[in-house]
Amino acid sequence: MSYTESLSSGPPSPAKKRVAGIQLESMFPYPELDSDCVNNDDGDASEPSSMLRHCELIAAIDSVVWGTPALATERALLETKVTPATQELLRTYHPSLAACKDVWLIQEENGNWMWGISSELNGPRPVGTHAGGLEIHLVAHGLGTKTTTFFPKFQWDPIRYPINPKKFLSRHQLRRLRDMFPTAVGVRVLISGFIVVLFTSIKAIEKSWYEDGFASEFGNLRLRYDVFEVTPSHRGLHRGAAIAPSPESLETHASLGLKLRFPEGQEVITVPTHAFVALRSTQGPSSRYIAHIFGRLVQKLARYRPIGRGVPLPAIGSPRRRSEINSPIGKQVFLNGDSQQIGTISHTYDRISDKPLQFPAGFQHDLSLASADSHFVKLPDLQAPAGMPHVVGWGGYQDFLNGGAVFVTAFNVPTGNLIVRSGTGISEQSQFAISEGSQYLWDRAVTSHNVSLLWRTTNDCDSLKGLSGSAVCLGKITDKTCLAVCFQNFESPVCSSELLKDDQRPLPPEDHRLSLKGGFLLPPEVRKAEIACLPADSPCEHGTYPRNSIHTEELWGSSHSTN
């Protein structure tokens, strides 16, 4: 289906100023952000709503014009521009697009084009970030109108100006969405031009349509509806330096984040809060509980196994001291399977409760800080993996949402006996990624609200995708330096399993579908702290190409800002 549009670029961006943290006009807290990365509320409401984005489905075709499949694939990889003559070639034979079941060409309001892809794949293949010079972004899956159902109400678009999905929703726009869908638990804004309204069940979606009304668009972005499904990113982890517990262990693990130095001189290491508290889950069968019990048994037995040394993989932390209240404060953090203590959690940016916390709606930042136990003990160093850029500062949220080069990486704790891998062009600890948008969750019962960045990794089938707490950085893996943006906290399917079941479609294998990764926005004081991680010992891995002499600061200019 094809849609045409004519969207104006909107009023010019105002001068850079701070957006206040909490206002009386809203019961939900709003993060402190620079105005240049937040959508304007100054659109002219008297202007008629513009048409939706042009979205054209591109079908794969078989043709002998391009030669053999191997030759056509090589030609598609060399194409640097999408034209009417090359779009079918790229869709059919470019590896990143050929792997997808459905592909669209989407035109943004500024006239630029992008590829839109479905989350279902034809096989376990990597999906890159670009094809023919255009970005590749996920298209939302979700419920639309059911032609056999009559809805007595219809909600027209209350925002009569286009919303830019590459910016954060404003407080006013979020309040409008909460008013339109009182039983929703959040919304997800995708760069491809969709807003997905999230509910707890299919029945909750249909009840909202009947009682509150159905809406098809908001701010000239297409609306879709889905069931919220998310898991903390702590599964299937490789162990870090000098760490080798049983690979079958199901214990909650977390990758250590960054080592920070605050202006007062205090040094801390970031860890995700959810790895050190009890979580409340409303999803999952009883078999998951049985797996948890079995995992705890395996965990205890794993302590009697000899500890392997010299594996330069991300450092994983685990708690050793339990608390009666559900708080990470005071818990000691050790390297898994190792006697080396990282530190003790001394501060958290999430609320403390005596009951299990709902994830992720019950978290504000999912961030805690581990510090040394005394002034006479230093925190261990965190070091970039071999061949990875040196993290030298913080990158801007707007640079992330604009679609620049992004990658995900974790850090080592040097133990004096590192073995450097050889024969790999890109470290297994890092993955190329591309931004996909933002997510907003709320809990009306406790008036909590959080905002997250969303991205997609190119090799979604890699077992390293579960590195909770790993850093998301601006730049390329081949650069000398990079800028950190946030940490990975959770994963979410693009299309929920309940939606697939309602559509009478079988759940595809995990390696046949793409997923979204997410990370909460960071507290302003954390983004003002100095990053004190060490550069890699080895500038590049064996057998790799020469590295770029470009530093990230030269590419991103003023992206060190604390927005």
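Start counting the sequence shown at 109; every next residue gets the next number (the numbering used here).
All residues carry an ideal CB built from backbone N, CA and C; glycine is no exception.
Assigned secondary structure, residue i (DSSP; H/G/I helix, E/B strand, else coil)
| i | result |
| --- | --- |
| ILE450 | strand |
| ILE169 | coil |
| LYS261 | coil |
| ASP210 | coil |
| HIS245 | strand |
| PHE442 | strand |
| ASP610 | helix |
| GLU182 | helix |
| ASP507 | helix |
| HIS340 | It should be noted that the sequence gives Pro, not His, for residue 340. The answer is strand: DSSP assigns PRO340 an E or B state. |
| CYS641 | coil |
| TRP174 | coil |
| ILE313 | helix |
| GLN539 | strand |
| HIS473 | coil |
| PRO616 | coil |
| MET109 | In this predicted model, MET109 has a pLDDT of only 35, less than 50, meaning its place in the structure is not dependable; the value taken from the coordinates is given anyway. Of the three classes helix, strand and coil, the one that applies to MET109 here is coil, per DSSP. |
| GLU140 | coil |
| SER324 | coil |
| GLU633 | helix |
| LEU198 | helix |
Nearest-angstrom Cβ-Cβ length linking residue i and residue j, presumed shorter than 8 Å
| i | j | result |
| --- | --- | --- |
| THR566 | LYS625 | THR566 to LYS625, Cβ: 11 Å. No contact. |
| CYS145 | TYR505 | 5 Å |
| PRO464 | LEU387 | 6 Å |
| SER479 | VAL376 | 5 Å |
| GLU217 | PRO270 | 5 Å |
| LEU246 | GLU606 | With a Cβ gap of about 19 Å, LEU246 and GLU606 do not count as contacting. |
| THR339 | PHE598 | 7 Å |
| LEU197 | ALA184 | 6 Å |
| PHE471 | THR381 | 6 Å |
| LEU591 | GLY503 | 3 Å |
| SER560 | LEU475 | Contact flag wrong, Cβ pair sits at about 12 Å. |
| MET496 | ALA644 | 6 Å |
| GLY321 | GLN263 | 4 Å |
| GLN491 | LEU642 | 4 Å |
For residue i, the nearest candidate out of the options (CA to CA)
| i | options | result |
| --- | --- | --- |
| LEU229 | ASP610, LEU205 and THR237 | LEU205 |
| LEU477 | THR339, GLY241, PRO464 and SER435 | SER435 |
| SER482 | PRO616, SER454, HIS249 and TRP502 | SER454 |
| ALA239 | ALA168, GLY250, ARG635 and TYR201 | TYR201 |
| ARG552 | ARG286, ARG183 and GLU638 | ARG286 |
| ARG332 | LEU630, LEU487, ASP210 and ALA292 | ALA292 |
| VAL330 | LYS275, GLU314 and LEU251 | The residue asked about is misnamed: residue 330 is Arg in this sequence, not Val. Selected option, being the one with the closest Cα: LEU251. |
| ASP611 | ILE639, VAL335 and ARG459 | VAL335 |
| ARG296 | TYR548, GLN195 and SER578 | TYR548 |
| ASP210 | ALA248, VAL580, THR188 and LEU186 | ALA248 |
| VAL514 | PHE136, TRP563, GLY373 and PHE322 | TRP563 |
| GLN215 | PRO192, CYS163 and ILE313 | CYS163 |
| THR452 | ALA469, VAL485 and GLN491 | VAL485 |
| SER623 | SER600, SER604, PRO617 and ILE585 | SER600 |
| GLY501 | PHE370, PRO468 and VAL554 | PHE370 |
| GLU140 | ARG284, THR589, HIS473 and LYS311 | HIS473 |
| PRO234 | PRO203, GLY219 and LYS261 | PRO203 |
Residue i at chain C interface by Cβ criterion, 8 Å
| i | result |
| --- | --- |
| CYS603 | No chain C is part of this structure, which consists of one protein chain only. |
Rounded straight-line distance, which links the Cα of residue j to that of residue i
| i | j | result |
| --- | --- | --- |
| ASN558 | TYR138 | 8 Å |
| PRO273 | LEU306 | 17 Å |
| ARG279 | PRO632 | 18 Å |
| ILE244 | TRP221 | 10 Å |
| ILE450 | ILE267 | 50 Å |
| LEU242 | TRP223 | 7 Å |
| TRP550 | GLY583 | 31 Å |
| ALA73 | LYS636 | Residue 73 is absent from the structure shown; the chain starts at 109 and stops at 671. |
| LEU213 | ASP149 | 29 Å |
| LYS315 | ASP265 | 20 Å |
| VAL753 | HIS620 | It is not possible to answer for residue 753, since the shown part of the chain is limited to 109 through 671. |
| LEU615 | VAL172 | 35 Å |
| ALA167 | GLN195 | 10 Å |
| ASN671 | THR176 | Residue placement at ASN671 is poorly supported in this model, since its pLDDT is 44, which falls under 50; the coordinates are not used for a value here. |
| LYS367 | HIS498 | 13 Å |
| SER325 | LYS261 | The displayed chain sequence assigns Glu, not Ser, to residue 325. Cα-Cα distance, rounded: 14 Å. |
In DSSP terms, what residue i is bridged to
| i | result |
| --- | --- |
| ASN434 | SER461 |
| LYS584 | DSSP lists no partner for LYS584. |
| ALA592 | TRP502 and CYS581 |
| GLN374 | GLN374 pairs with nothing; no bridge assigned. |
| ILE684 | In the structure displayed, the chain extends from 109 to 671; residue 684 sits before or after that span and is not available. |
| MET222 | ILE214 |
| GLN491 | ASN520 and LEU642 |
| ALA513 | Beta-bridge pairing links ALA513 to no other residue. |
Residue i: CB within 7 Å of a non-hydrogen atom of the ligand GDP
| i | result |
| --- | --- |
| GLY511 | Among the components modelled here there is no ligand, and therefore nothing to report on the ligand GDP. |
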